[in-house]
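The structure appears below as structure tokens.
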Amino acid sequence: MAKFVGDPGHGGDKPGAVFDPDVAVKGDEIEEEDINLEVMLMVANLMREKGHDFLLTRERDIDISLAQRKAMISRFRPDAFISVHCNASVSHNSHGVEAFYRDDLDYPLALAVQKPLAQMTGMKDRGVFQDINQLKKRLTVLDDSENTPATLLEIGFIDNPKDQEYLLHNLQTVAEIIANSLDAWERERGKA
Numbered sequence: 103m104a105k106f107v108g109d110p111g112h113g114g115d116k117p118g119a120v121f122d123p124d125v126a127v128k129g130d131e132i133e134e135e136d137i138n139l140e141v142m143l144m145v146a147n148l149m150r151e152k153g154h155d156f157l158l159t160r161e162r163d164i165d166i167s168l169a170q171r172k173a174m175i176s177r178f179r180p181d182a183f184i185s186v187h188c189n190a191s192v193s194h195n196s197h198g199v200e201a202f203y204r205d206d207l208d209y210p211l212a213l214a215v216q217k218p219l220a221q222m223t224g225m226k227d228r229g230v231f232q233d234i235n236q237l238k239k240r241l242t243v244l245d246d247s248e249n250t251p252a253t254l255l256e257i258g259f260i261d262n263p264k265d266q267e268y269l270l271h272n273l274q275t276v277a278e279i280i281a282n283s284l285d286a287w288e289r290e291r292g293k294a
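Take 103 as the starting number for the sequence shown in this note's numbering and just add one per residue.
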């Protein structure tokens, strides 16, 4: 079977996007790092049940630097790398699922996880984009994956009420879709 590195984006003192619906108690806000971690812990377990080796960059709320992530990828030498994040927008009106990739090597992986997630959750399909074309910059976490197929998957907008509601109540479903998509990508790759 295949080897994967899964990266629950952010962690430690870098919570990522934070949704604070005017909470009365500090600490009750919803933080991206927590959703990312919960989803990826489930994905890792599901992938291991399917017989794959699956290394997480973090398994608890700690900060892992980009250099540490790169070192893990270099040491583990995975067949694929996936970084999971939640999105956010200034208007709080944006919603849906999107994925980013670095180059042609990464595109099939990005497409293989983003499309099923959008289709099977009913969340808006925002597309699959090359990081430099869409964001006008490189995503370091993808560059650090070197010659390993890699994608950064945005599983929804944490600050959009509809996406947030779906994510908070369906993380297991999201994890199952991601794991099944990674497994299908690996099986298809094995046929080539």
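Every residue gets a Cβ at the ideal spot worked out from N, C-alpha and C, and that includes glycine. Given the structure is predicted, the values throughout are model-derived calculations rather than measurements.
Check: Across which residues does DSSP place Leu270 in a beta bridge pair?
Finding: Bridge partners of Leu270: none, in fact.
Check: How many Å lie between Gln91 and Met149 at the Cα?
Finding: Nothing about residue 91 can be reported from this structure: the residues present for the chain run from 103 to 294 only.
Margin query: Quick check: the Cα distance between Ile260 and Leu207, rounded to an integer number of angstroms?
Written below: 29 Å
Check: If you draw a straight line from the alpha carbon of Lys293 to that of Asn282, how long is it in whole angstroms?
Finding: 17 Å
Next item on the list: Could you check how far apart the C-beta atoms of Ile234 and Val141 are, in whole angstroms? I think they sit under 8 Å.
Entry: The Cβ separation is near 26 Å, so there is no contact.
Next item on the list: State the Cα-Cα distance for the pair Arg228 and Gly198, rounded to the nearest angstrom.
Entry: 6 Å
Checklist line | Between the CA atoms of Leu143 and Glu161 - distance to the nearest angstrom | finding: 7 Å
Checklist line | Cα-Cα separation, Thr223 to Val276 | finding: 8 Å
Next item on the list: Use the C-beta contact count for Thr242: other C-beta atoms within 10 angstroms, 16 or more gives buried, fewer gives exposed.
Entry: exposed
Checklist line | Other residues of its chain near Leu269: CB distance less than 8 Å, five sequence neighbours each side excluded | finding: Ile137, Cys188, Ile257, Gly258, Ile260, Val276
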